[in-house]
Amino acid sequence: MQSILAISKISFFEILRQPVFLLILITGLVLISLQPSLALFVFRGQEKLVIDSSLATTLTLGWGLAVLVASQAIYYELKSGTALMILAKPISSSSFILAKLISVTSILILFVWLCGLYTLMALRVATDQFRIDPYINTCMFLVPILSIFYGAIRNYLSKKSFVDHTFYALILLTHLIAIVSFILPEWNNGYNFDKGMGKFHPGVFKEIILILFAVLGLGSLAMALSTRFSMVVNFIVCAHVFMIGLMAEFFFTKLREIPLAEFEAATHFWYYLLLPLAIFFWIFTNKKFAERTNSKAKSSLVQICFLMIVMTILTKGFRDLDQQIQLTEVGVIAKWFALQFYEVRDFVAWLGEAIIPNWQHFWQVDVITKGKTIPSLYIFNCGIYAITYVLLFYLLAVLMFESSEVGTNN
């Protein structure tokens with residue numbers, strides 16, 4: 013256990029010292045700080061706009077950060093051979109992956125926590141559709157600026173790490189401003205201290221916890237993919253899983269309602285089944301490109317061929333739609349295939365819901381904006397749901413790590 017904690021601690025501070033982490037964090041905080049100003053004059057919808065925009069910023073940047081830190085913690089260490097020094101000791105692959113999971117999870121928790129505090133402050137600033145709290149909002153912008161200034165001074169005078177000290181100052185100042193903003197009464201052309209402390213939004217805090225669960229699930233998926241794939245491929249796969257997961261509930265509900273006639277019409281577009289196959293070969297080719305026998309072959313040729321295949325399939329699909337080919341009669345074989353798909357549609361929908369993470373479970377902003385509360389039992393169930401996927405992706409990472417090659421760049 014001590015070795016796992018030691019590896020996770022080292023990996024945590026290595027990720028923390030990456031400038032891209034600080035850049036994404038500050039970008040997220042600045043974007044959230046802008047939301048109260050952008051929500052002015054929206055006919056009493058400022059709270060909904062601030063909550064939607066701030067939490068969407070946290071979720072989107074969170075999964076992007078998850079891909080970056082997972083690639084930094086695992087993929088580059090495996091390819092550069094740095095992991096060999098750790099694996100040469102009596103450390104199992106499962107312990108190594110667990111240590112990396114702890115470090116990646118810790119970074120993501122810090123990111124969501126700071127963005128969550130900024131979201132609560134932004135909601136506190138947007139007191140009315142015609143006015144905002146100028147002092148707290150100004151302090152929200154000053155926190156990153158002062159933190160960068162402090163980190164630069166420490167780096168110049170003491171030769172200390174700029175990213176480290178900027179991040180430490182960012183944590184300290186964010187919590188300080190958050191405490192002050194929650195103590196002060198609501199702004200109404202001034203502070204009326206007779207009204208007591210400002211309003212705290214427990215519903216938004218619960219939603220931040222749900223966003224954290226979603227980000228941790230995406231982070232564990234990115235960590236599993238980092239054992240075999242580069243950051244670009246990892247980013248593309250996670251983006252597809254993220255988008256498909258957002259539409260999963262709608263898609264599988266509609267799948268159960270599709271009549272047989274539409275299945276028959278869909279057989280005209282059978283060539284769309286080649287898209288997953290093309291994506292698989294594209295990922296496989298990028299993975300094995302370094303082992304090619306023809307050294308003159310360029311990576312750009314692989315990307316061009318893949319794009320040409322995808323564009324050909326899409327162009328044919330648009331052309332067939334324009335000619336309304338789906339209205340024509342299908343053959344006997346096509347009808348037989350359509351009937352088979354029609355009979356197993358409920359099973360396919362159930363299997364898809366079981367395999368694909370449904371990120372809509374973690375997005376309950378509409379419940380908050382309608383004045384309702386998120387039950388604590390629902391948050392508990394979402395936590396179990398997220399932990400289940402984290403454990404599944406951890407096991408997948410261990411299995412993929414066992415067959416991966418370490419130090420292939422050397």
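Note that my numbering has the sequence shown beginning at 13, numbered continuously upward. Yeah, the Cβ is synthetic: ideal placement off N, Cα and C, and Gly gets one too.
Notebook entry, point to check: In this structure, does DSSP put residue 138 in helix, strand or coil?
Noted result: For the purposes of this step, residue 138 is identified with residue 126 of the sequence shown, where counting begins at 1. DSSP, read as helix, strand or coil, puts residue 138 in coil.
Notebook entry, point to check: What distance in whole Å lies between the Cβ atoms of residue 78 and residue 231, which are believed to be in contact at a cut-off of 8 Å?
Noted result: Here residue 231 refers to the residue found at position 219 when the sequence shown is read from its first residue. Here residue 78 refers to the residue found at position 66 when the sequence shown is read from its first residue. Contact between residue 231 and residue 78 holds: CB atoms are separated by about 4 Å, below the 8 Å threshold.
Notebook entry, point to check: Taking Cβ positions, are residue 254 and residue 125 nearer each other than 9 Å?
Noted result: Position 242 of the sequence shown holds residue 254. Position 113 of the sequence shown holds residue 125. No.
Check: With C-beta atoms as the reference, is residue 233 less than 9 Å away from residue 88?
Finding: Counting from 1 along the sequence shown, the entry for residue 233 is found at position 221. Counting from 1 along the sequence shown, the entry for residue 88 is found at position 76. Result no, Cβ atoms of residue 233 and residue 88 do not sit closer than 9 Å.
Check: alpha helix (DSSP H) containing residue 58: first to last residue?
Finding: Walking along the sequence shown from the start, residue 58 turns up at place 46. Per DSSP, the unbroken alpha helix (DSSP H) holding residue 58 starts and ends at 58 to 82.
Notebook entry, point to check: Any idea if residue 24 is buried or exposed, counting beta-carbon neighbours within 10 angstroms, 16 or more meaning buried?
Noted result: Here residue 24 refers to the residue found at position 12 of the sequence shown. Burial call: buried.
Next item on the list: Would you please state the rounded distance, in angstroms, between the beta carbons of residue 222 and residue 123? I believe it to be under 8 Å.
Entry: For the purposes of this step, residue 222 is taken as the residue at position 210 of the sequence shown. For the purposes of this step, residue 123 is taken as the residue at position 111 of the sequence shown. That pair is no contact at about 15 Å.
Check: What's the call for residue 214, buried or exposed, on a 16-neighbour Cβ count within 10 Å?
Finding: Within the sequence shown, residue 214 is the residue found at index 202, counting from 1. By the 10 Å Cβ count, residue 214 comes out exposed.
Notebook entry, point to check: My guess is that residue 7 and residue 181 are in contact by the Cβ rule of under 8 Å, so how many angstroms apart are they, rounded?
Noted result: For the chain, the structure presents residues 13 to 422; residue 7 sits outside this window and is missing.
Checklist line | Among 43, 414, 343, 26, the one whose alpha carbon lies nearest that of residue 82 | finding: Counted from its first residue, the sequence shown places residue 82 at position 70. Distances from the CA of residue 82 to each of 43, 414, 343, 26 were compared; the closest alpha carbon is that of 26.
Note to self: Just to confirm before moving on: does the CB-CB distance between residue 333 and residue 275 stay below 9 Å?
What the structure shows: To locate residue 333, count along the sequence shown from 1; it is residue 321. To locate residue 275, count along the sequence shown from 1; it is residue 263. For residue 333 and residue 275, no; Cβs fall outside 9 Å.
Next item on the list: Tell me whether residue 373 sits in a helix, a strand or coil according to DSSP, three-state version.
Entry: Residue 373 sits at position 361 when you count from the first residue of the sequence shown. In the three-state scheme derived from DSSP, where H, G and I count as helix and E and B as strand, residue 373 is classed as helix.
Check: Is residue 404 near residue 354, with beta carbons less than 9 Å apart?
Finding: Here residue 404 corresponds to residue number 392 of the sequence shown, with the count starting at 1. Here residue 354 corresponds to residue number 342 of the sequence shown, with the count starting at 1. Taking 9 Å as the Cβ cut-off, residue 404 and residue 354 do not qualify as a contacting pair.
Notebook entry, point to check: Rounded C-beta distance between residue 119 and residue 28? I'm assuming under 8 Å.
Noted result: Here residue 119 refers to the residue found at position 107 when the sequence shown is read from its first residue. Here residue 28 refers to the residue found at position 16 when the sequence shown is read from its first residue. With a contact defined as Cβ atoms closer than 8 Å, residue 119 and residue 28 qualify at about 7 Å.
Margin query: Please list the terminal residues of the continuous alpha helix (DSSP H) segment that includes residue 400.
Written below: As a first step, residue 400 must be located in the sequence shown, where it is residue number 388. Unbroken alpha helix (DSSP H) run through residue 400: 388 to 414.
Check: Which residues bound the alpha helix (DSSP H) around residue 342?
Finding: The sequence position of residue 342 within the sequence shown is 330, counting from 1. Counting along the chain, no alpha helix (DSSP H) covers residue 342, and no H or E run does either.
Note to self: Let's test the definition: count the other Cβ atoms within 10 Å of the Cβ of residue 31 and tell me whether it reaches 16, buried, or not, exposed.
What the structure shows: Within the sequence shown, the letter at position 19 stands for residue 31. Exposed, by the Cβ-count rule.
Checklist line | Segment limits, alpha helix (DSSP H) that includes residue 156 | finding: Mapped onto the sequence shown, residue 156 falls at position 144. Here the alpha helix (DSSP H) through residue 156 covers 146 to 170.
Notebook entry, point to check: In the structure shown, what three-state DSSP assignment does residue 281 receive?
Noted result: If you number the sequence shown from 1, residue 281 lands on position 269. The three-state reading of DSSP puts residue 281 in helix, counting H, G and I together.
Check: Comparing alpha-carbon positions, which option in 281, 15, 19, 90 lies nearest residue 413?
Finding: Against the sequence shown, residue 413 aligns to sequence position 401. Checked all of 281, 15, 19, 90; the closest Cα to residue 413 is 90.
Margin query: Please return the same chain residues whose Cβ sits closer than 6 Å to the Cβ of residue 174, not counting the five positions on each side in sequence.
Written below: Your numbering for residue 174 matches position 162 in the sequence shown. Counting only Cβ-Cβ distances below 6 Å, and skipping sequence neighbours, we find 163, 167.
Check: Considering only the beta carbon of each residue, do residue 62 and residue 131 sit closer than 9 Å?
Finding: Taking the first residue of the sequence shown as 1, we reach residue 62 at position 50. Taking the first residue of the sequence shown as 1, we reach residue 131 at position 119. Between residue 62 and residue 131, the C-beta spacing is below 9 Å.
Margin query: Given this structure, state the Cα-to-Cα distance separating residue 59 from residue 386, to the nearest angstrom.
Written below: As a working mapping, residue 59 is identified with position 47 in the sequence shown. As a working mapping, residue 386 is identified with position 374 in the sequence shown. About 17 Å.
Next item on the list: Specify the secondary structure class of residue 123 as computed by DSSP and reduced to three states.
Entry: Stepping through the sequence shown from its first residue, residue 123 is reached at position 111. Looking at residue 123 - three-state DSSP - the assignment turns out to be helix.
Check: Beta-carbon separation of residue 311 and residue 301 under 9 Å?
Finding: Within the sequence shown, the letter at position 299 stands for residue 311. Within the sequence shown, the letter at position 289 stands for residue 301. Cβ atoms of residue 311 and residue 301: closer than 9 Å.
Check: Which of helix, strand or coil does DSSP assign to residue 198?
Finding: Counted from its first residue, the sequence shown places residue 198 at position 186. In this structure, residue 198 counts as coil in the three-state DSSP scheme.
Notebook entry, point to check: Given that a residue counts as buried once 16 or more other Cβ atoms are within 10 Å of its Cβ, and exposed if not, what is residue 229?
Noted result: Numbered from its first residue, the sequence shown carries residue 229 at position 217. Buried, because 16 or more other Cβ atoms sit within 10 Å of the Cβ of residue 229.
Next item on the list: Buried or exposed for residue 366, please, with buried defined as at least 16 other CB atoms from any protein chain shown within 10 angstroms of its CB.
Entry: As a working mapping, residue 366 is identified with position 354 in the sequence shown. Under the 10 Å beta carbon count, residue 366 is surrounded by fewer than 16 other beta carbons and is classified as exposed.
Check: Whole-angstrom Cβ separation of residue 279 and residue 342, contact assumed at under 8 Å?
Finding: Stepping through the sequence shown from its first residue, residue 279 is reached at position 267. Stepping through the sequence shown from its first residue, residue 342 is reached at position 330. Correct: roughly 6 Å between the Cβ atoms.
Item checked: Proximal residues to residue 361 (C-beta, below 7 Å), its chain only, five neighbours per side dropped -> As a first step, residue 361 must be located in the sequence shown, where it is residue number 349. Cβ within range, chain order: 264, 267, 268.
Notebook entry, point to check: Hey, would you say the C-beta of residue 86 is under 8 Å away from at least one heavy atom of the ligand FAD?
Noted result: By its list of ligands, the structure shown contains no ligand whatsoever, and the ligand FAD lies outside what it can speak to.
Next item on the list: Thinking residue 241 and residue 299 are a contact (beta carbons under 8 Å), I'd like their distance in whole angstroms, please.
Entry: Mapped onto the sequence shown, residue 241 falls at position 229. Mapped onto the sequence shown, residue 299 falls at position 287. Indeed they touch by this definition, with Cβ atoms about 7 Å apart.
Next item on the list: Within its chain, find whatever has a CB closer than 6 Å to the CB of residue 47; leave out the 5 residues flanking it on each side and keep chain order.
Entry: In the sequence shown, residue 47 corresponds to position 35, counting from 1. 62, 65, 66, 134.
Note to self: Just to confirm before moving on: does the CB-CB distance between residue 127 and residue 70 stay below 9 Å?
What the structure shows: Counting from one through the sequence shown, the residue named residue 127 turns up at place 115. Counting from one through the sequence shown, the residue named residue 70 turns up at place 58. In this structure, residue 127 sits near residue 70, with a CB-CB distance shorter than 9 Å.
Margin query: I'd like the list of long-range same chain contacts for residue 225, defined as Cβ closer than 7 Å, with 5 residues on each side in sequence excluded.
Written below: Counting from 1 along the sequence shown, the entry for residue 225 is found at position 213. Around residue 225: 374, 394, 395, 398.
Checklist line | Same chain only: Cβ atoms within 7 Å of residue 408, ignoring 5 sequence neighbours per side | finding: Position 396 of the sequence shown, counted from the first residue, corresponds to residue 408. Here the set comprises 236.
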